[in-house]
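Peer 1: Let me begin by handing over the structure; questions about it come next.
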Amino acid sequence: MNQVELVAAISDRTDISKSDIDSILKTVGAIVQEQLPLGGDIALPGIGKLKTRQSAARTGRNPKTGDVLDIPAKTKAIFVVAKSLKDALQ
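In UniProt numbering, the protein residues as written are 1 to 90.
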């Protein structure tokens with residue numbers, strides 16, 4: 001399901017206009033982009049939770065040349081699926 005299909009499905013079930021739903025989804029995206037870098041978790045009820053995780057600095061290797069590379073530490077976004085959704089998929 002793409003964004004257009006999601007907007008249409010939500011609009012059909014809620015009787016809220018497609019433009020309002022689209023605006024809400026864009027606002028949710030903006031809030032997620034603001035909060036995740038601050039270390040905040042974002043709960044999506046019934047779906048899961050967006051979190052951040054730190055990856056440690058490490059050394060890697062260029063597969064083409066074999067050169068050793070230093071890979072810096074960084075913050076990654078991860079998604080943890082809600083138990084209810086996991087159970088529904090089984």
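The C-beta atom is built at its ideal place from N, Cα and C for all residues, glycine as well.
#1: Of the residues 41, 59 and 45, which one's Cα is nearest the Cα of residue 51?
#2: Using three-state DSSP, classify residue 54 as helix, strand or coil.
#3: Could you check what DSSP says for residue 67 in three-state terms: helix, strand or coil?
#4: Start and end of the beta strand (DSSP E) containing residue 77?
#5: Could you check if residue 7 is buried or exposed, using at least 16 other CB atoms within 10 Å of its CB as the buried criterion?
#6: Exposed or buried, which one is residue 78 when buried takes at least 16 other CB atoms within 10 Å?
#7: Less than 8 angstroms between the beta carbons of residue 80 and residue 39, yes or no?
#8: Beta-carbon within less than 7 angstroms of residue 17's beta-carbon, same chain only, minus the 5 sequence neighbours each way: which residues are those?
#9: Leaving out five residues on either side along the sequence, give the residues of the same chain with a beta carbon under 7 angstroms from the beta carbon of residue 54.
Peer 2: In this structure, then:
#1: As a position in the sequence shown, residue 51 is number 51, starting the count at 1. Considering only alpha carbons, the answer is 41.
#2: Here residue 54 refers to the residue found at position 54 of the sequence shown. Strand, per DSSP.
#3: Start at 1 with the first residue of the sequence shown, and residue 67 comes out as number 67. Here residue 67 sits in coil by DSSP.
#4: Along the sequence shown, read from residue 1 onward, the residue named residue 77 stands at position 77. 74 to 81 is the extent of the beta strand (DSSP E) around residue 77.
#5: Walking along the sequence shown from the start, residue 7 turns up at place 7. Residue 7 is buried by the Cβ-count criterion.
#6: Translated into positions along the sequence shown, residue 78 becomes position 78. Burial call: exposed.
#7: Here residue 80 corresponds to residue number 80 of the sequence shown, with the count starting at 1. Here residue 39 corresponds to residue number 39 of the sequence shown, with the count starting at 1. No; because the gap between Cβ atoms is not below 8 angstroms, this pair is not in contact.
#8: Your numbering for residue 17 matches position 17 in the sequence shown. So the qualifying residues of the chain are 11.
#9: Start at 1 with the first residue of the sequence shown, and residue 54 comes out as number 54. If we look at residue 54 and ignore the five residues flanking it on each side, its Cβ neighbours are 73 and 75.
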